[in-house]
Structures are given as structure tokens and as C-alpha cells.
Ligand code: DAH
């Protein structure tokens with residue numbers, strides 16, 4: 003009868019074993035059989051009622067059931083753990099041969115590309131790249147460039163005055179005066195370009211209130227004869243490099259207060275080759291910059307003796323040059339932040355230039 007009890011537990015165990023399919027169920031089974039009040043543990047309770055001579059045998063059969071259970075338990079447990087690990091490994095597999103996700107890069111704005119191009123060129127010719135404040139004083143923007151208050155040529159540039167003294171600079175030429183004056187106590191040769199933003203109070207549809215220029219200034223001792231020919235040669239290299247080969251230059255006499263003589267410089271229309279087209283308004287020429295020989299007054303006012311020093315200056319607007327270089331038909335494209343347009347310039351090389 004007591005053996006029957008053991009057999010009964012054994013039988014239930016065999017049956018229960020077939021229903022185990024998870025680690026949780028297995029642990030529940032352990033409690034059911036080996037817990038304090040578990041089926042196998044309870045068998046031990048019976049031992050006190052068993053006659054002494056049978057105690058040993060009974061004990062052995064209970065031990066065997068326990069042993070049997072433990073074996074089953076360990077084996078099953080390992081099985082479930084392996085299964086879990088395999089599933090996890092499968093889930094976390096990394097295919098290192100897959101192509102990496104592409105990170106979307108921004109692109110350089112075409113005007114900035116143009117500025118870099120110009121900087122590279124002039125640095126290779128020994129120029130310094132300088133900057134100056136965009137919020138400028140009337141003194142540097144005008145007075146020290148031979149444009150005293152009340153001078154009629156001030157009307158050439160409609161200015162954004164912030165106070166009576168300060169304005170948003172209308173021209174990068176302001177930095178000419180800054181550089182000259184900084185050398186006042188020890189005048190020395192200057193070769194600089196100044197790319198940067200400029201501002202004018204324009205209110206018609208075809209002009210922007212903010213645009214970019216790149217001033218150029220070359221000053222040397224009189225005996226080194228920095229001449230108009232040097233200016234022309236420099237601008238020829240400049241145009242060739244930033245717009246394209248085989249373009250002619252034309253100097254038209256003009257007026258700027260800070261140069262004498264002064265010129266407006268045109269390039270032959272790269273679109274029609276000079277025959278005349280809508281871009282050049284049928285003239286065959288396109289104006290790109292102002293330039294000239296630095297006015298003696300500018301040198302004198304900023305600490306350079308015009309008897310001993312001389313040189314040239316030039317100042318192109320950069321938006322038009324950028325349009326010519328990249329074949330951009332409308333200046334507004336440059337400032338409307340249309341991502342489709344900007345992505346056109348997501349190229350690592352300069353192959354998009356119209357050269
Ligand atoms: N600053 C002039 C402008 O904004 C352009 C210019 C003309 C610059 C002659 C120069 C120069 O350096 O020599 O219209």
C-alpha cells in the first residue's frame with residue numbers, strides 16, 4: 003500500500019513530464035513535487051508509520067523518485083536555457099556585410115563654394131584673407147574711403163543706418179581702410195582679399211538687401227610700380243579661374259571716390275560669345291566688378307604716404323559670379339533655401355562649373 007503511494011507519485015510524475023513545455027512550467031513542477039508540501043516530500047512523512055524493517059526499502063524507492071525527478075529537471079532546464087539562448091542569438095544577429103545606412107549630408111551653398119574658390123586662388127598668389135565687421139562705422143565705410151559726409155557719391159549706395167554713427171556696411175571696401183590704418187605706424191606692402199556680406203536699402207524686386215562682395219587690395223612701394231597692367235593681369239587670372247577660359251575683359255572708365263582712375267570691368271558674354279543675347283542685353287558684355295588705382299586721399303587718410311606707396315583695388319559682387327560659374331538662371335534661387343536646388347551642389351568636386 004505504501005509502495006502504491008510511491009508508484010502513484012511516479013505515475014503522476016511521468017504524466018506531468020509530458021506536459022512541460024516552458025521553463026516556468028518546469029519550475030512549477032519542481033514546487034509541486036519537491037516543495038515543502040510537494041508530492042515527493044510528502045512521501046517522507048509516511049516513513050514514520052512504516053515498520054522498521056521496511057523503512058530502508060521505502061526510503062530507497064522515494065530517493066529514486068527524487069533522483070529521477072532531479073535528473074529530468076536538470077536536463078529539461080538545460081534544454082530550455084539553450085533554446086532561449088539560441089532564440090536570442092538569432093534575434094540579435096548582425097549582418098556585417100549589409101551596406102551601412104547613408105547619412106544625409108548637407109551641401110555647401112554655391113556662394114560659399116565660390117568664396118572658397120576665390121580664396122584658394124588668391125592665397126596661391128600670396129594674398130591674405132581678411133574679414134571686417136558687418137556692423138560698420140560711417141567712418142570706415144565712407145569717410146576714410148574719401149567719401150566725406152554730404153558727398154554726392156554717398157547716394158550711390160543706399161545705406162541701412164542703425165544710429166548716426168553705425169550702419170550695416172554697404173561695401174567690403176570698408177576693410178581697405180581698416181587694414182591700411184592698422185599699419186599706420188609701420189606701413190608695409192598689402193595683398194588681401196575680403197569676402198563677406200554687405201547690405202543696401204534696396205526695395206525693388208530685382209535687388210537683394212543683402213549680398214556678398216569680395217574686396218581686393220594690393221599696395222606696394224612706389225618703386226615697385228604696381229600698375230593698371232598688374233590690375234588687369236590679376237583680374238584676367240581671376241575671371242579665367244572663377245568663371246571660365248577664353249573670356250575677354252573690358253575696362254570702362256567709371257567713378258568711385260576711393261580710386262583714381264576708376265573702372266567698371268566687363269567680361270565678354272560667355273553665353274553668346276559676344277554676339278548678343280538676353281543675358282548680356284544684346285551688348286555682348288557683362289559687368290562684373292568695380293576697380294581702380296587706389297586714390298591718394300585714401301592712402302593719406304589712413305597713414306600711407308601716397309608719394310611712397312601705391313596700388314590697386316577691386317570689388318566684385320559674388321552672386322552674379324556664382325550664377326555665371328554654375329549656370330544659375332535666377333539670383334533668387336540663391337536665397338530661397340529650396341532644398342532641391344541646394345542639393346544640386348552636393349558634389350564633392352568642381353565638375354559642376356561651366357568651364
Ligand atoms: N565698393 C564698390 C561697390 O560696392 C566696388 C568697388 C569699386 C570696389 C572700385 C573697389 C574699387 O575696391 O576699387 O560698388
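Residue numbers (this note's numbering): 3 to 357. Ideal placement from N, C-alpha and C gives every residue a C-beta, glycine not left out.
With distances taken Cα to Cα, identify the nearest neighbour of residue 180 among 162, 140 and 254.
For the purposes of this step, residue 180 is identified with residue 178 of the chain shown, where counting begins at 1. Comparing Cα positions, the closest option is 140.
If you pair each beta-carbon of the stretch 309-323 with each one of the stretch 211-220, do three or more pairs fall below 8 Å?
yes
Can you tell me which of the three DSSP states residue 378 falls into?
Summary: the structure shown does not reach residue 378, with the chain confined to residues 3 through 357, and so no result is reported for it.
Taking a contact to mean a Cβ-Cβ separation below 8 Å, would you say residue 172 touches residue 146 in this structure?
One-based indexing of the chain shown puts residue 172 at position 170. One-based indexing of the chain shown puts residue 146 at position 144. It is not a contact, given that the beta carbons lie outside the stated cut-off.
Thinking C-alpha only, which one of 99, 21, 174 and 346 is nearest residue 330?
The sequence position of residue 330 within the chain shown is 328, counting from 1. Residue 330 has its Cα closest to that of 346, out of 99, 21, 174 and 346.
According to DSSP, is residue 138 part of a helix, a strand, or is it coil?
For the purposes of this step, residue 138 is taken as the residue at position 136 of the chain shown. Strand, per DSSP.
Excluding five sequence neighbours on each side, which residues of the same chain lie with their C-beta closer than 6 Å to the C-beta of residue 306?
By 1-based counting over the chain shown, the position of residue 306 is 304. Counting only Cβ-Cβ distances below 6 Å, and skipping sequence neighbours, we find 182 and 189.
Based on Cα-Cα distance, which residue from 19, 7, 32 and 21 lies nearest to residue 48?
Here residue 48 corresponds to residue number 46 of the chain shown, with the count starting at 1. Out of 19, 7, 32 and 21, 7 has the C-alpha closest to the C-alpha of residue 48.
Between the stretch 189-198 and the stretch 274-292, do three or more beta carbon pairs fall short of 8 Å?
no
Can you tell me whether residue 117 is helix, strand or coil according to DSSP?
As a position in the chain shown, residue 117 is number 115, starting the count at 1. Reduced to three states, the DSSP call for residue 117 is helix.
Mind pulling the alpha helix (DSSP H) runs of 4 or more residues that sit fully within the stretch 25-100?
Whole alpha helix (DSSP H) segments, 4+ residues: 25-36, 41-47 and 54-93.
Would you tell me roughly how many angstroms separate the C-alpha atoms of residue 57 and residue 23, rounded to the nearest one?
Start at 1 with the first residue of the chain shown, and residue 57 comes out as number 55. Start at 1 with the first residue of the chain shown, and residue 23 comes out as number 21. Between residue 57 and residue 23, the C-alpha separation is close to 36 Å.
Three-state secondary structure (DSSP) at residue 357?
Locating residue 357 in the chain shown gives position 355, where the first residue counts as 1. At residue 357, the pLDDT of 38 sits below 50, so the modelled position is not reliable; the number obtained from the coordinates is stated separately. It is coil, neither helix nor strand.
For the ligand DAH, I want to know if residue 313 counts as a neighbour, meaning its beta carbon is within less than 7 Å of at least one of the ligand's heavy atoms.
Within the chain shown, the letter at position 311 stands for residue 313. Incorrect: residue 313 has no Cβ contact closer than 7 Å to the ligand DAH.
Tell me the DSSP secondary structure of residue 261 in three-state form.
Reading the chain shown from its first residue, position 259 is the one you call residue 261. Strand at residue 261.
Given a cut-off of 8 Å, decide if residue 264 and residue 363 are closer than it, judged by their beta-carbon atoms.
Not covered by the structure: residue 363. The range shown for the chain is 3 to 357.
Would you list, in sequence order, the uninterrupted beta strand (DSSP E) runs of no fewer than 3 residues that lie entirely inside the stretch 292-331?
311-318
Could you work out which residue in 187, 204 and 175 is closest to residue 196 when comparing CA atoms only?
As a first step, residue 196 is located in the chain shown; it is residue number 194 there, counting from the start. Cα-wise, what sits closest to residue 196 is 175.
Taking only the alpha-carbon atoms, compute the straight-line gap between residue 309 and residue 284 and give it to the nearest angstrom.
Numbered from 1 along the chain shown, position 307 holds the residue referred to as residue 309. Numbered from 1 along the chain shown, position 282 holds the residue referred to as residue 284. Cα to Cα, residue 309 sits roughly 44 Å from residue 284.
Assuming the contact rule is C-beta atoms closer than 8 Å, residue 244 and residue 119 should be a hit. Round their C-beta distance to whole Å, please.
As a working mapping, residue 244 is identified with position 242 in the chain shown. As a working mapping, residue 119 is identified with position 117 in the chain shown. The pair is a contact, with the Cβ atoms about 6 Å apart (cut-off 8 Å).
With DSSP as the reference, please indicate the residues paired to residue 198 in a beta bridge.
Taking the chain shown and counting its residues from 1, the one referred to as residue 198 is at position 196. DSSP lists 215 as partners of residue 198.
Please confirm whether any heavy atom of the ligand DAH lies closer than 7 Å to the CB of residue 293.
The sequence position of residue 293 within the chain shown is 291, counting from 1. Under cutoff, so the answer is yes.
Using the rule of at least 16 other Cβ atoms within 10 Å of the residue's Cβ for burial, across every protein chain shown, is residue 126 buried or exposed?
Counting from one through the chain shown, the residue named residue 126 turns up at place 124. Residue 126 is exposed by the Cβ-count criterion.
Give a yes or no on whether the C-beta atoms belonging to residue 223 and residue 304 are separated by under 8 Å.
The residue you call residue 223 lines up with position 221 of the chain shown. The residue you call residue 304 lines up with position 302 of the chain shown. Going by C-beta atoms, residue 223 is not nearer than 8 Å to residue 304.
Note the first and the last residue of the continuous alpha helix (DSSP H) segment covering residue 182.
Residue numbering aside, residue 182 sits at position 180 when the chain shown is read from its first letter. Run containing residue 182: 176-184, per the alpha helix (DSSP H) assignment.
Looking at the strands, I want to know which residues DSSP matches up with residue 170.
Here residue 170 refers to the residue found at position 168 when the chain shown is read from its first residue. BP columns for residue 170 point to 137 and 162.
Taking contact to mean 3 or more Cβ pairs, one atom from each stretch, closer than 8 Å, check whether the stretch 36-56 and the stretch 9-21 are in contact.
yes
Excluding five sequence neighbours on each side, which residues of the same chain lie with their C-beta closer than 7 Å to the C-beta of residue 142?
One-based indexing of the chain shown puts residue 142 at position 140. Answer for residue 142: 176, 179 and 180, listed in chain order.
Could you compute how far the alpha carbon of residue 37 sits from the alpha carbon of residue 15?
Against the chain shown, residue 37 aligns to sequence position 35. Against the chain shown, residue 15 aligns to sequence position 13. Those two C-alpha atoms are separated by around 14 Å.
So what's residue 251 in DSSP terms, helix, strand or just coil?
Numbered from 1 along the chain shown, position 249 holds the residue referred to as residue 251. Strand, per DSSP.
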